[in-house]
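What the sequence shown shows, in our numbering, is residues 42 to 655, in sequence order.
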Amino acid sequence: MEENTTALSAQNQDNLSENSTQEMLELAGDNKISEFPDYSTMNLKDIIQAFQDMLDRADQQELYKNADAMKAAFYKVLKREKVAAGVFEESAAVDGEPEEQVASNDAFGEIEKVFKEVYSRYKESRANYVQELEKVKEENLAKKLEIIDKIKELLDKAEDVNSTFPAFRELQNQWKSITLVPQAQAKDLWESYQLYVEKFYDYIKINNEFRDLDFKKNLELKTQLCEKAEALENEPNVVTAFKELQKLHEEWKELGPVAKEYRESIWERFKAITSVINKKHQGFFENLKDEQKKNLVEKTALCESAEEIAGKQVSDSNEWNVLSKQMEALQAKWKTIGFASKKDNQKIYDRFRAACDKFYNAKRDYYSNFKNVMQENLAKKEALCEQAEALMNSEDWKKTTDQLINLQKVWKEIGPVARKQSDIVWKRFRAACDHFFDNKAKHFGEVDEKYDGNLAAKLALIEEVKAYEINDSKESNIQAMREFQNRWNAIGFVPFKEKESIQEAWNKAMDIHFADIRSLDSEKKLNKFKKMVLDMKNSGKGDRGLRMEREKLILKFRKMEQDIATLENNMGFFAKSKNADALMVDIQRKIEIAKGELVQIEEKIKVIDSQFQN
42 MEENTTALSA
52 QNQDNLSENS
62 TQEMLELAGD
72 NKISEFPDYS
82 TMNLKDIIQA
92 FQDMLDRADQ
102 QELYKNADAM
112 KAAFYKVLKR
122 EKVAAGVFEE
132 SAAVDGEPEE
142 QVASNDAFGE
152 IEKVFKEVYS
162 RYKESRANYV
172 QELEKVKEEN
182 LAKKLEIIDK
192 IKELLDKAED
202 VNSTFPAFRE
212 LQNQWKSITL
222 VPQAQAKDLW
232 ESYQLYVEKF
242 YDYIKINNEF
252 RDLDFKKNLE
262 LKTQLCEKAE
272 ALENEPNVVT
282 AFKELQKLHE
292 EWKELGPVAK
302 EYRESIWERF
312 KAITSVINKK
322 HQGFFENLKD
332 EQKKNLVEKT
342 ALCESAEEIA
352 GKQVSDSNEW
362 NVLSKQMEAL
372 QAKWKTIGFA
382 SKKDNQKIYD
392 RFRAACDKFY
402 NAKRDYYSNF
412 KNVMQENLAK
422 KEALCEQAEA
432 LMNSEDWKKT
442 TDQLINLQKV
452 WKEIGPVARK
462 QSDIVWKRFR
472 AACDHFFDNK
482 AKHFGEVDEK
492 YDGNLAAKLA
502 LIEEVKAYEI
512 NDSKESNIQA
522 MREFQNRWNA
532 IGFVPFKEKE
542 SIQEAWNKAM
552 DIHFADIRSL
562 DSEKKLNKFK
572 KMVLDMKNSG
582 KGDRGLRMER
592 EKLILKFRKM
602 EQDIATLENN
612 MGFFAKSKNA
622 DALMVDIQRK
632 IEIAKGELVQ
642 IEEKIKVIDS
652 QFQN
């Protein structure tokens, strides 16, 4: 009795009752420590089939451990497949339009209905199981009370050792075979049972040899339990170790006493390792709570960011695409963060989900209206196609070239169209433009043959430039340079295929012999302009004349900027055209000349501005 009284006291102190054990197991379940398959890798039908198979097996423990995980996985996969099908949100396409939905809501509604029916079967089955389990517990309570009564009766027959001890052992075996009882009576029932077991051992008149043999066997078994418990200290999973320890405690309860000299030491040994594992288990859940608090803080920050994005007023598809990437990044980050506490986890998820839904609903509404705009853009581009096709066979090369370039500029200014029409209408427009420019290139290729004499003249002039010797007279050198340039300009066209190379040779020759002279000439022109500005300021016109001159330069500057932008834009259109290389070289040359003139205009504006500062 001394041994078992001590044991009961220690159990109460270390929270090792059946009640506390159940509470700790439930806590482990709340934090999702239990392992189960990753159902989120399955498709919707396979999840439903797996659920039905478990229902058919009628394994309530398997169902209880997996049901909620399967439900969460089902709705996770359902959401993923809805998004993939375009039911909740649209993926941004080329030109900014949304993809068409490829699945109906009815299909997902039907499969969700099937899952709900299966889950309802599970809930009904679980309720029936719990009801039946309570009945079994009540029956087990009655059986165990009956066993206690029979042990009481054996105490009156304690003198008849040969008959009472085997009967006592049989009652103990019966007690072990009976499992669950109502939680409210479990503790009192066990203490009552243990009390009468102790009384039987303390007051039964059993011979010392038989008693010592039983004590020895019990000591061996309890020593083995201590060793098993001590081995659990090396178990990496503290929850698994705790659960195994509870099983060992259940076995300890069912063993009889040991000799008095070993009772305290063997129990202290078992209690010591129990305390170690309990502390590790407690520390694990304390750390888990800290981690859950941290996760809640991080998820709250993500919610705030998502709400900020969802609250923005968006006016164009580019901004939608940028914000969509930001929202996707938040969702990806969310997946890397663990659970919050049970009371907060669903709330914080609902908050994040609400922000995401608000954003994607607004995006869907925008693109729904955007479809009308894209249809209008399509009509405008088809009209440009008709205009280009009307010009494609023209032989008015200069006028038609300008017209097509203008059409291409207008095309660029029109907004996007739906992807499935975008390539079609672009190829149509491209084909009309290419047809004209191919004809133009062919025409001028034939004309080139007429310009061989001009080519010879320009080659001869290049040689003159190369042979010219720079003298000490700047004015003379500048005059020579200008005469060379005037003569070059006076010579007519050369064969088209030679245009690029002859121009390159001319520029190279002029750059080599007159680079410094050109610079001096530019400086001379700028000085001349400075003198004109100074004369204007000192004249009757004064500042008013300078402002008018500055305004003219500004207008010229802006027009030239527009011309450069148009030329650069045209290069994008000609890039994929046949026989476009020579044309693009010519355009690039014009761009370089225009940019040089921009620099000169800027210098002139600075000269005028300096007069206002003075």
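We treat Cβ as the ideally placed atom computed from N, Cα and C, and that holds for glycine.
A quick note: this is a predicted structure, and the numbers were derived from the prediction, not measured.
In the displayed model, Leu236 falls within a helix according to three-state DSSP. Here Phe525 has Val506 as same chain residues with Cβ atoms under 6 Å from its own Cβ, once five neighbours each way along the sequence are excluded.
Residue burial is scored here from C-beta neighbours: Glu239 has at least 16 other C-beta atoms within 10 angstroms and is therefore classed as buried.
Secondary structure at Lys399: helix, using DSSP grouped into helix, strand and coil. Taking every protein chain shown into account, the CB of Met111 has 16 or more other CB atoms within 10 angstroms, so this residue is buried.
Your pair Phe570 and Lys645 checks out as a contact, with CB atoms roughly 6 Å apart and the cut at 8 Å. Only buried fits Met551, as 16 or more other CB atoms lie within 10 angstroms of its CB.
DSSP, reduced to helix, strand and coil, places Asn84 outside both helices and strands of the structure shown, so it counts as coil. From the listed residues Val128, Asp464, Glu165, the smallest Cα separation to Asp147 is found for Val128. In this chain, the alpha helix (DSSP H) harbouring Ala521 covers 515-531. In the structure shown, Glu276 adopts coil according to DSSP, grouped into three states.
Contact between Leu104 and Arg162 does not hold, since their C-beta atoms are separated by about 10 Å, which reaches or exceeds 8 Å. Pairing Ile532 with Ala498 gives a Cβ-Cβ distance under 7 Å.
Of the residues Leu186, Tyr509, Lys258, Tyr408, the one whose Cα lies closest to the Cα of Ser356 is Tyr408. Where Gln444 is concerned, the enclosing alpha helix (DSSP H) starts and stops at 438-454.
If you ignore the 5 residues before and after Lys321, its C-beta comes within less than 6 Å of the C-beta of Val279, all in its own chain and listed in chain order. By alpha-carbon distance to Lys191, the top candidate from Pro207, Phe92, Gly494 is Pro207. Distance from the CA of Lys439 to the CA of Ile455, rounded to the nearest whole angstrom, comes to 25 Å.
Within the segment 243-327, the runs of alpha helix (DSSP H) that reach at least 4 residues and sit entirely inside it are, in chain order, 249-272, 279-295.
For Ile350, the number of other beta carbons within 10 angstroms of its own is at least 16, and it is reported as buried. Taken through DSSP and simplified to helix, strand or coil, Asp406 comes out as helix. Shown here, Phe534 sits in coil according to DSSP, grouped into three states, outside any helix or strand.
The Cβ neighbour count for Thr377, taken over all protein chains shown within 10 Å, is under 16; the residue is labelled exposed.
The DSSP-derived three-state label of Gly127 is coil.
Contact annotation: Leu425 and Trp452 have beta-carbon atoms nearer than 7 Å. The beta carbon of Glu153 sits closer than 7 Å to the beta carbons of Leu119 from its chain, once the five residues preceding and following it are set aside; these are given in chain order.
For the pair Gln93 and Val159, the CB atoms are nearer than the 7 Å cut-off. When the Cα atoms are used, Lys366 and Ala113 turn out to be separated by approximately 26 Å. Distance from the CA atom of Lys294 to the CA atom of Met368, rounded to whole angstroms, is 57 Å. One Cα belongs to Ser358, the other to Phe411, and the distance between them is close to 9 Å. Val458 is the residue among Lys450, Ala606, Val458 whose C-alpha sits nearest the C-alpha of Met415. Per DSSP, the continuous alpha helix (DSSP H) segment holding Ile503 begins and ends at 493-508. Pairing Tyr237 with Ile189 gives a Cβ-Cβ distance under 7 Å.
Annotation: Thr220 is outside any alpha helix (DSSP H) and is labelled neither H nor E by DSSP.
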